[in-house]
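When we follow our numbering, the leftmost residue of the sequence shown carries the number 675, and every step to the right adds one.
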Amino acid sequence: MLPIVLDVTNRRIAVVGRGLAAQQRYEYARDAGVGQLSLYVIDHDGWACHAEAALYERLPVKADLEGTGVVLIAGLPIEEALHLTAVARAAGALVNVEDVPHLCDFHVPAIVRRGDLLLTVSTGGKAPGLAQKLKAHLQAQFGPEWTARIRTVGDARARWREEGRAKEEVTRLTKELVEREGWLKERAPA
675 MLPIVLDVTN
685 RRIAVVGRGL
695 AAQQRYEYAR
705 DAGVGQLSLY
715 VIDHDGWACH
725 AEAALYERLP
735 VKADLEGTGV
745 VLIAGLPIEE
755 ALHLTAVARA
765 AGALVNVEDV
775 PHLCDFHVPA
785 IVRRGDLLLT
795 VSTGGKAPGL
805 AQKLKAHLQA
815 QFGPEWTARI
825 RTVGDARARW
835 REEGRAKEEV
845 TRLTKELVER
855 EGWLKERAPA
C-alpha cells in the first residue's frame, strides 16, 4: 500500500451503488471536498435527491466515467461490482469496492476529521472492525479543539516562513509551540 492524501477539489469522483452503503460513500466523498461528484444510485430512499451531486438513477456505462479519477462502489451484488470495476478501470479510474479488497485499487481508511487535521487508520481492508475501534480511540484523543490548533500552527508557520526562517527552524518552533501548549498530553480513555 502507498499511503497518500489526494486533493480532490479539482477531481471528478463517482459513487455507484445502492442503499445506505452508497449514501455512506457519498458522505465520505462530500466530506473530502470533491470538486465534481456524480451519483449513480438505485434504491436510495430519497436521500440522493438532496445530495449536492449530479444524480443518475441507473448504473453507469464507460462513457459516463470518462474523465473520472475515482469510482467508489458500494452495496452492489458481486457480479455488478465486477462489471463496474472493469468499466471504471477501462475509463482510467481508480476503484474502491466496499468490502471486496481484491477488487480495490485502494482502501478507504477509518477517518477522523478536525478541520484540516486528518487522522486515518487502515488495516489494508483486512480488519475494518479494528480500524473503527482505533478511530474511536483517536476521536477521544483528538477532540474538536484541534480545528483551532491547526489554524494556530498554520498561522505561526506562515509568519515564520514570511520572516525568512529556514525549514529546520520552522520545524523546531512548531515542536516548541506544541510542547508549550501541552497539546499532546494523553487523555483518559472514553
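Even for Gly, the Cβ is constructed at its ideal location relative to N, Cα and C. Keep in mind that this is a model prediction, so the values were computed, not measured.
Exercise. For E726, which residues of its own chain have a beta-carbon under 6 Å away from its beta-carbon, when the five flanking residues on both sides are left out?
Worked result: none
Exercise. Assuming R835 and V844 make a contact with CB atoms under 8 Å, what is their CB distance in whole Å?
Worked result: 6 Å
For this session: Pair every Cβ in the segment 731-743 with every Cβ in the segment 765-777, then say whether three or more of these pairs are closer than 8 Å.
Result: yes
Problem set entry | Reduced DSSP category for R763 - H, G, I as helix; E, B as strand; rest coil | helix
Exercise. In whole angstroms, what is the alpha-carbon distance linking A805 and P775?
Worked result: 15 Å
Problem set entry | Sufficient close CB pairs (3 or more, under 8 Å) joining the segment 789-798 to the segment 820-831 | yes
For this session: Can you tell me which of G709, V782, T759 and A830 puts its alpha carbon nearest to the alpha carbon of L733?
Result: T759
Problem set entry | Where the alpha helix (DSSP H) through R686 begins and ends | Element bounds for R686: not the alpha helix (DSSP H) but the beta strand (DSSP E), R686 to R692.
Exercise. Span of the alpha helix (DSSP H) holding L644?
Worked result: Because the chain here runs from 675 to 864, residue 644 falls outside it and cannot be looked at.
Problem set entry | Rounded Cβ spacing between T794 and P783 (contact assumed at less than 8 Å) | 4 Å
Problem set entry | Boundaries of the beta strand (DSSP E) in which T794 is found, first to last residue | L791 to V795
For this session: Compare the Cα-Cα distances from G720 to each of V708, G743, A706 and A696 and report the closest residue.
Result: A696
Problem set entry | Local conformation of R787 per DSSP, three classes | strand
For this session: Look at T742 and A688 and say whether their C-beta atoms are less than 8 Å apart.
Result: yes
Exercise. Between the beta-carbon of V744 and the beta-carbon of G709, is there less than 8 Å?
Worked result: no
Exercise. When you compare each of L746, G828 and R833 to Y714 by their alpha carbons, which one comes out closest?
Worked result: L746
Exercise. Thinking C-beta only, is G749 closer than 8 Å to G799?
Worked result: no
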